[in-house]
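Visitor: Protein sequence lines, in the order shown, are assigned to chains V and C. Okay, so the first sequence: first residue is 251 according to the working numbering, each after it adds one. Okay, so the second sequence: first residue is 251 according to the working numbering, each after it adds one. Even glycine gets a Cβ: it sits at the ideal position worked out from N, Cα and C. Provided herewith is a single structure, encoded as structure tokens, for subsequent inquiry.
Protein chains: 2
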Amino acid sequence: MNAKNRISTVTVSAPATIANLVCGFDILGMALEEPRDFLQVSITDSLGIQITNQDDFDLPTDPVQNVAGVALQAMLNAYPHPAGFNLVSHKQIKPGSGLGSSAASAAGAVVAANILLDQYFSSEQLVQFAMAGEELASGVRHADNVAPCVYGGITLIRSLLPPDIIPLSVPELFVTVIHPQIEIKTSDARQILRKNVLLKDAIIQWGNIAGLVTGFLKNDHALISRSMTDIIIEPVRSILIPGFKEIKTSSIEAGALGGGIAGSGPSIFMLSADKKAAIDVQNSMKDIYHRLGIDYNVYVTTISQHGVRIENESVYPI
Amino acid sequence: MNAKNRISTVTVSAPATIANLVCGFDILGMALEEPRDFLQVSITDSLGIQITNQDDFDLPTDPVQNVAGVALQAMLNAYPHPAGFNLVSHKQIKPGSGLGSSAASAAGAVVAANILLDQYFSSEQLVQFAMAGEELASGVRHADNVAPCVYGGITLIRSLLPPDIIPLSVPELFVTVIHPQIEIKTSDARQILRKNVLLKDAIIQWGNIAGLVTGFLKNDHALISRSMTDIIIEPVRSILIPGFKEIKTSSIEAGALGGGIAGSGPSIFMLSADKKAAIDVQNSMKDIYHRLGIDYNVYVTTISQHGVRIENESVYPI
Numbered sequence: 251m252n253a254k255n256r257i258s259t260v261t262v263s264a265p266a267t268i269a270n271l272v273c274g275f276d277i278l279g280m281a282l283e284e285p286r287d288f289l290q291v292s293i294t295d296s297l298g299i300q301i302t303n304q305d306d307f308d309l310p311t312d313p314v315q316n317v318a319g320v321a322l323q324a325m326l327n328a329y330p331h332p333a334g335f336n337l338v339s340h341k342q343i344k345p346g347s348g349l350g351s352s353a354a355s356a357a358g359a360v361v362a363a364n365i366l367l368d369q370y371f372s373s374e375q376l377v378q379f380a381m382a383g384e385e386l387a388s389g390v391r392h393a394d395n396v397a398p399c400v401y402g403g404i405t406l407i408r409s410l411l412p413p414d415i416i417p418l419s420v421p422e423l424f425v426t427v428i429h430p431q432i433e434i435k436t437s438d439a440r441q442i443l444r445k446n447v448l449l450k451d452a453i454i455q456w457g458n459i460a461g462l463v464t465g466f467l468k469n470d471h472a473l474i475s476r477s478m479t480d481i482i483i484e485p486v487r488s489i490l491i492p493g494f495k496e497i498k499t500s501s502i503e504a505g506a507l508g509g510g511i512a513g514s515g516p517s518i519f520m521l522s523a524d525k526k527a528a529i530d531v532q533n534s535m536k537d538i539y540h541r542l543g544i545d546y547n548v549y550v551t552t553i554s555q556h557g558v559r560i561e562n563e564s565v566y567p568i
Numbered sequence: 251m252n253a254k255n256r257i258s259t260v261t262v263s264a265p266a267t268i269a270n271l272v273c274g275f276d277i278l279g280m281a282l283e284e285p286r287d288f289l290q291v292s293i294t295d296s297l298g299i300q301i302t303n304q305d306d307f308d309l310p311t312d313p314v315q316n317v318a319g320v321a322l323q324a325m326l327n328a329y330p331h332p333a334g335f336n337l338v339s340h341k342q343i344k345p346g347s348g349l350g351s352s353a354a355s356a357a358g359a360v361v362a363a364n365i366l367l368d369q370y371f372s373s374e375q376l377v378q379f380a381m382a383g384e385e386l387a388s389g390v391r392h393a394d395n396v397a398p399c400v401y402g403g404i405t406l407i408r409s410l411l412p413p414d415i416i417p418l419s420v421p422e423l424f425v426t427v428i429h430p431q432i433e434i435k436t437s438d439a440r441q442i443l444r445k446n447v448l449l450k451d452a453i454i455q456w457g458n459i460a461g462l463v464t465g466f467l468k469n470d471h472a473l474i475s476r477s478m479t480d481i482i483i484e485p486v487r488s489i490l491i492p493g494f495k496e497i498k499t500s501s502i503e504a505g506a507l508g509g510g511i512a513g514s515g516p517s518i519f520m521l522s523a524d525k526k527a528a529i530d531v532q533n534s535m536k537d538i539y540h541r542l543g544i545d546y547n548v549y550v551t552t553i554s555q556h557g558v559r560i561e562n563e564s565v566y567p568i
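Right, dumping it as structure tokens:
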């Protein structure tokens, strides 16, 4: 881009993300290649934020009620010059799926807006702004979806206060995700968790977390598989998801390395070492939900390297 | 070695080890280059185990009361042929220091004996046998000292049941260890821990564990430093160690990356990126214990790559 030109409109796609990755409750997240939301953001001469939704999800267009609006406003509050944005949102990630729909809106919007501000903010700051949107969506300021959405791959949120986000790696794994068409609110899924855990259970959990992170960094599939065990959150939350145990067992029989609840559910994800296994897993999942009479969406995809991706830039001379 | 020869006596040295590494309670351990115990093991024609101590620690020589004896007996129980061992122990790692003295005895003995049995057992099995000795010493079957003692470097014990030991890495770090001459029993240090932890604290802890493991694997000193935080065990156990907080603060001011209680204490260890910092840390530790009037031993050393090391083999034709 010539220095005299300024990008006035950019279209990005923001991927679905899976938080927790079984044992890494609130600290691990992973970006998927598909599905993706598409967001077109323009910088405007007028102040403030305008939002238009070009989808069927009936989400609020009032910026203070909209996760992308809240994230963009947090960004504008930190920007030292007056500015405004126009956002057109084409959502494809269903809200309430457990696949980071609100994170995709929030992270997609701020990454796109940052391009229009000549990358004024760092990725870490973008995660902060997007977290303001997450807070609106779930009542909790968490980063395990927005961080992988901004950074891509698998991210570790070592700490939230102060934020410390560590991109881990992008293992060449296949991901099967099934989204049963039932509703679980993130806030409900969080409320049913106990506030205390036994120290001896916490020790088992942190052994598995350390194992999973090591497995990702060393690309050790067997270690990833052995480490994807959650004795604290999954036993409680999985009760809300019909057929969960059966799907997990049959997926592993079909060749999955392991998996569990996507975020707070109800989607279930499984990692596989190759595409054939991922498709076999998909078929075994479908069979179970057909039998249980539950509608679903299902995806076979990979881990996204880049998170939010630029799809199109419109450049005008200024 | 010629196939017709059989090693009848071997001398090994077994290193001091540091369990937990601050946030990795019960799952992480690290082998030090120094100090080391020396153990001479001979295979005997008679059954059973004879133990001689060539040091001043007055440890039991009855094999069922001796950690090395119990470990060797566990090994003999799993060996399909009749055999016996003669052990001469020259301990240099003070019992009760928090530096894995019992683990060095147990692991050193079984690694040496396994050489005499033509490496009949795997490293994982040796850890199991040595854990029987640890159980005698502390009442708990734990592997966070014996695993790094057998494997060297830094090891992750992902799981104890079934055992799953993952050698992580051997970062080129310097270690300063100070051992105040006070006594804390591992069993006491374990008893004062609360049986429950808050989920929100457990989440902070597993973020740090994941960060520490990532720091070791990526050789990221800043990340290692940020992750060496323990909000669950250290605040409770450090009360038993005089001057702990002051030593930690002054060590970090002197250039340490971080550190904390070695195992269940009372020794305190600090990691540093270079030898100068490790010596500065040592001097600041000495100053504090001089002022408090507490006797101590202090070491500046490195992380041991190999754990138990063969010092000498005696080969006789058979």
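(1) Mind listing which residues of the segment 463-483 of chain C have their C-beta closer than 8 Å to chain V's C-betas, in chain order?
(2) CA-CA distance, I268(C) and A357(C)?
(3) Determine the DSSP secondary structure at A363(C), reduced to helix, strand or coil.
(4) Please state if the CB of V317(C) and the CB of L386(C) are separated by a distance shorter than 8 Å.
(5) Output yes if chain V places a C-beta closer than 8 Å to the C-beta of I416(C); else output no.
(6) Quick one: give me the first and last residue of the alpha helix (DSSP H) that M325(C) is part of.
(7) Whole angstroms are fine: how far does the CA of P330(C) sit from the CA of V463(V)?
(8) Between the C-alpha atoms of M251(C) and G557(C), what's the straight-line distance to the nearest angstrom?
(9) Please identify, using Cβ separations under 7 Å, the residues of the segment 483-510 of chain C that lie next to chain V, in order along the chain.
(10) With a threshold of 8 Å between beta-carbons, can G461(C) be considered close to chain V, or not?
(11) Count the CB pairs spanning the segment 427-443 of chain V and the segment 378-393 of chain C that are closer than 8 Å, and state whether there are at least three.
(12) Go ahead and pull the three-state DSSP assignment for Y569(V).
(13) Helix, strand or coil for I453(V), going by three-state DSSP, please let me know.
(14) Looking at chain C, is there any beta carbon in it that lies within less than 8 Å of the beta carbon of P567(V)?
(15) Please confirm if V314(C) has its CB atom under 8 Å from at least one CB of chain V.
(16) What are the partner residues of R391(C), as DSSP defines its beta bridges?
(17) For I511(C), which of A264(C), Q555(C), N270(C) has the nearest alpha-carbon?
(18) So, helix, strand or coil for F371(V), using DSSP?
(19) Starting from E283(V) and walking both ways along the beta strand (DSSP E), at which residues does that stretch end?
(20) Does any residue of chain C bring its CB to less than 8 Å from the CB of L337(V)?
(21) Using the Cβ count rule (16 or more neighbours within 10 Å means buried), how would you classify I407(V)?
(22) Figure out for me which residue from A506(C), K341(C), K495(C), I489(C) has the closest Cα to the Cα of R476(C).
(23) At a CB-CB cut-off below 7 Å, which residues of chain C make contact with A521(V)?
(24) How big is the Cα-Cα spacing for A328(C) and N364(C)?
(25) Taking the alpha helix (DSSP H) that H340(C) belongs to, which residues open and close that run?
(26) Mind listing which residues of the segment 429-463 of chain V have their C-beta closer than 9 Å to chain C's C-betas, in chain order?
(27) Quick one: what's got a C-beta closer than 6 Å to E283(V)'s C-beta in the same chain, skipping five residues either side?
(28) Can you tell me whether A264(C) is buried or exposed? The criterion is at least 16 other CB atoms within 10 Å of its CB, across all chains shown.
(29) Could you pull out every residue in the same chain whose Cβ sits closer than 8 Å to the Cβ of E503(V), ignoring the five residues on either side in sequence?
(30) Rounded to a whole number of angstroms, what is the C-alpha to C-alpha distance between N469(V) and Q431(V)?
(31) If I follow the unbroken alpha helix (DSSP H) through T552(C), where does it start and stop?
(32) Enumerate in chain order the residues of its own chain whose CB-to-CB distance from G461(V) is below 7 Å, with the five nearest sequence positions on each side excluded.
(33) For the segment 258-274 of chain V, list every residue whose C-beta sits within 9 Å of some C-beta in chain C, in sequence order.
(34) From what residue to what residue does the beta strand (DSSP E) around M520(C) run?
(35) Quick one: using the 10 Å Cβ neighbour count with 16 as the cut-off for buried, is Q378(V) buried or exposed?
(36) For I553(V) and chain C, any beta-carbon pair shorter than 8 Å?
Guide: In this structure, then:
(1) Along the segment 463-483 of chain C, going in chain order, the ones with a CB nearer than 8 Å to a CB of chain V are V463, T464, L467, K468, L473, R476, S477, I482.
(2) So the two alpha carbons sit approximately 14 Å from each other.
(3) In this structure, A363(C) counts as helix in the three-state DSSP scheme.
(4) Against a cut-off of 8 Å, the Cβ pair of V317(C) and L386(C) comes out as a contact.
(5) It does; some Cβ of chain V falls within 8 Å.
(6) Looking at the DSSP string, the run of the alpha helix (DSSP H) that includes M325(C) is 317-328.
(7) Cα to Cα, the separation comes out at about 39 Å.
(8) Low per-residue confidence applies at M251(C): pLDDT is 40, beneath 50, and the placement is therefore not dependable, though the value from the model is reported in the following sentence. Using only the alpha carbons, I get a separation of about 23 Å.
(9) From the segment 483-510 of chain C, no residue has a Cβ closer than 7 Å to chain V.
(10) For G461(C), a Cβ of chain V is located within less than 8 Å of the residue's own Cβ.
(11) No, the segment 427-443 of chain V does not touch the segment 378-393 of chain C.
(12) With chain V represented from 251 up to 568, any question about residue 569(V) goes unanswered, as that position is not in the structure.
(13) Residue state, collapsed to three classes: helix.
(14) Note on P567(V): pLDDT 48, under 50, position unreliable in the model; the coordinate value appears next. Taking Cβ atoms only, chain C never reaches closer than 8 Å to P567(V), which makes this a no.
(15) Any Cβ of chain V closer than 8 Å to the Cβ of V314(C) would place that residue at the interface, and such an atom is absent.
(16) Beta-bridge pairing by DSSP links R391(C) to no other residue.
(17) If we check each option's Cα against that of I511(C), N270(C) comes out closest.
(18) If DSSP states are grouped into helix, strand and coil, F371(V) belongs with coil.
(19) Looking at the DSSP string, the run of the beta strand (DSSP E) that includes E283(V) is 278-294.
(20) Look at L337(V): its C-beta is not under 8 Å from any C-beta on chain C.
(21) Label assigned to I407(V): buried.
(22) Ranked by Cα distance from R476(C), the first of A506(C), K341(C), K495(C), I489(C) is A506(C).
(23) First, the amino acid is wrong: residue 521(V) is Leu here, not Ala. Within 7 Å Cβ-Cβ: nothing; L521(V) doesn't reach chain C, min ~17 Å.
(24) Rounded to whole angstroms, A328(C) to N364(C) spans 12 Å at the Cα level.
(25) Looking at the DSSP string, H340(C) is not in any alpha helix (DSSP H); the run it does join, the beta strand (DSSP E), is 334-340.
(26) For the segment 429-463 of chain V, the residues whose beta carbon sits under 9 Å from a beta carbon of chain C are, in order, L443, R444, K445, N446, V447, L448, L449, K450, D451, A452, I453, I454, Q455, W456, G457, N458, I459, A460, G461, L462, V463.
(27) Non-local beta-carbon contacts of E283(V) in its own chain, meaning distances under 6 Å to residues more than five positions away in sequence, involve T551, T552, S554 in chain order.
(28) A264(C) comes out buried.
(29) Answer for E503(V): S534, listed in chain order.
(30) Straight-line Cα distance between these residues: approximately 33 Å.
(31) No alpha helix (DSSP H) holds T552(C); the beta strand (DSSP E) holding it covers 546-552.
(32) Closer than 7 Å at the Cβ level, and outside the excluded window around G461(V), lie L473, R476, S477.
(33) Residues C273, G274.
(34) Counting along the chain, the beta strand (DSSP E) containing M520(C) begins and ends at 518-522.
(35) Per the 10 Å Cβ criterion, buried.
(36) Closer than 8 Å: no.
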